[in-house]
Each structure stands twice: as C-alpha cells, then as structure tokens.
C-alpha cells in the first residue's frame, strides 16, 4: 500500500534553513521502530519518502510510504500535531491537509483504466532533482533517466505488477518529448555536502498508442508519491502534476 500524508507545518523563518529537510528526516526516523530503520538502511530502494514544498508563506510537509512496512507506521502519525526540533529547542505545530492511501494494484487499475483526455503533461519539480551517473551528478532533465528511475522504483515495491523492460524504456525515450520548461539549478543541502539539481516547471508531450500513454501517465502519477532521481527519502525529486490538456 502507498500512503501519503500532507501537513501544513508552521516553520518560523529561523528554522527555514538549508538543512531543515535532513533535520525532519532524522525526526521521523526516531518515530519509526529501530528494527525497521535498520532494515531500511539495508534496502536497495528505500520505501520511505519525505519532502518540503514551499509555496510563499505556506510550507507543506509530505511524508510517503511506498510499501506496507512503512505505510502502516506512517498511518499512526495521522494525528501528529506538533514536532520538536531538538537542535533549535523549538516546537512547531502541524495540521493535516490530506491523506492518500491506495494499494499499488488499485493505482495500476485506476490509471490504466481511465480514458485519455490528454497527451500533454505539465509537471512541477518541487524540490531539486538530480541523477547519479558515472560518479557525477547529472542536473539536466533526461527522459530516459526520469522513467528508468520511476520504473525501477515501482518494480522494487510492487509485488504483482512489473513494468521495467529495456525495450519499453527505449520506446518511452522515443515517444515522450520535453516540449517546454522553465527550470533553474538549485542546491539541496545535506549535513556535510550539497547536491545540485534542477527545479521548476516542465511540459511533456506523449505520442504512441493509447495504452502506452496510460502507462506513461501511471508512471507520472507514481512520481507524485515516489519522487524522481536520487535522495528522494531525504527530500529531493519532489514532483506534482500541474494540469492535463487534451491534445487534438
């Protein structure tokens, strides 16, 4: 099961620091059972995600579980109303904005069964997004890297449906096109390092058969939970869907 909790977090300006995402990640790790945290550290892909979204004065804290081992624990946080930032010795209040919970199979059934009303997908990358390639950070949006990241993550956590296929990925690369973007480079700060990534708006156009378009839309919808690229558990790679237009 996939679970996403969205909180309004009342962060004072003094706590809107460059490393606040790492601090919040550490706080959540303290809430989870120690044996689960140890298990998460040993996984190739972490089913836990958290990220901050800054919308002027409003700050939204998204917490996501991509597998029942984490999702069941996150549901216990539904009534969380405040957290204490120990290093700052401050307590901040929370209010739950929304809760999404859906089984992976139900997500697949819903997205693959819907009617296509758009082949244009407008995305917003809400936090710095980057990929690790050959020991270096790749800070440019790349269709193959974006969808490979999503497909590999999806398959790791799905116990029934598997999506990744080399030929399908190549077909995506040929038929999903970036038609416009308004992106900027931005640093994501960890405790001792900073990672450069891209952030902002990007619009995709999808060609090909209707079932293929549905598969692409499924992966984009999954991205709103899982994020894209590297260090998504710490807060990078956040994605939201702006809108869908019908392409005539």
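In the working numbering, the protein residues as written are 3 to 250.
Beta carbons are placed, not taken as given, at the ideal position from N, Cα and C, and that holds for glycine.
For residue 106, the closest of 239, 228, 234 and 233 by C-alpha to C-alpha distance is 228. Between the stretch 9-22 and the stretch 82-101 there are three or more C-beta pairs closer than 8 Å, enough to call the two in contact. Along the length of the stretch 124-198, whole alpha helix (DSSP H) runs at least 4 residues long occupy 145-159 and 168-177, reported in chain order. For the options 241, 22, 4 and 7, the alpha carbon positioned closest to that of residue 132 is the one of 241. Scanning the stretch 19-87 for uninterrupted beta strand (DSSP E) segments of 3 residues or longer gives 50-57, 60-67 and 84-87, listed from N- to C-terminal end.
Residue pairing by DSSP places residue 241 opposite 127 in a beta bridge. Beta-bridge pairing by DSSP links residue 200 to 131 and 187. Put simply, of 46, 23 and 69 the residue whose alpha carbon is nearest the alpha carbon of residue 52 is 23. Inter-residue distance for residue 28 and residue 193 is about 11 Å (C-alpha atoms, whole angstroms).
In the three-state reduction of the DSSP assignment, residue 235 falls in the coil class. For the pair residue 119 and residue 35, the Cα-to-Cα distance works out to about 43 Å. Taking one beta carbon from each stretch, the stretch 124-131 and the stretch 185-199 have 3 or more pairs nearer than 8 Å; the two touch. Residue environment for residue 195: exposed (fewer than 16 other C-beta atoms within 10 angstroms of its C-beta).
Judged by DSSP in its simplified three-state form, residue 8 adopts strand.
Looking at 207, 233, 32 and 211, the one whose alpha-carbon comes closest to that of residue 121 is 207. Residue 201 counts as buried, since at least 16 other C-beta atoms from the protein chains shown sit within 10 angstroms of its C-beta.
In the three-state scheme derived from DSSP, where H, G and I count as helix and E and B as strand, residue 209 is classed as coil. Nearest to residue 92 by alpha-carbon distance, out of 13, 173, 7 and 8, is 13.
By the neighbour-count criterion, in which 16 or more other beta carbons inside 10 Å mark a residue as buried, residue 64 falls on the buried side. Boundaries of the beta strand (DSSP E) harbouring residue 102: 92-104, taken from the DSSP string.
Straight-line measurement puts the Cα of residue 222 at about 14 Å from the Cα of residue 180.
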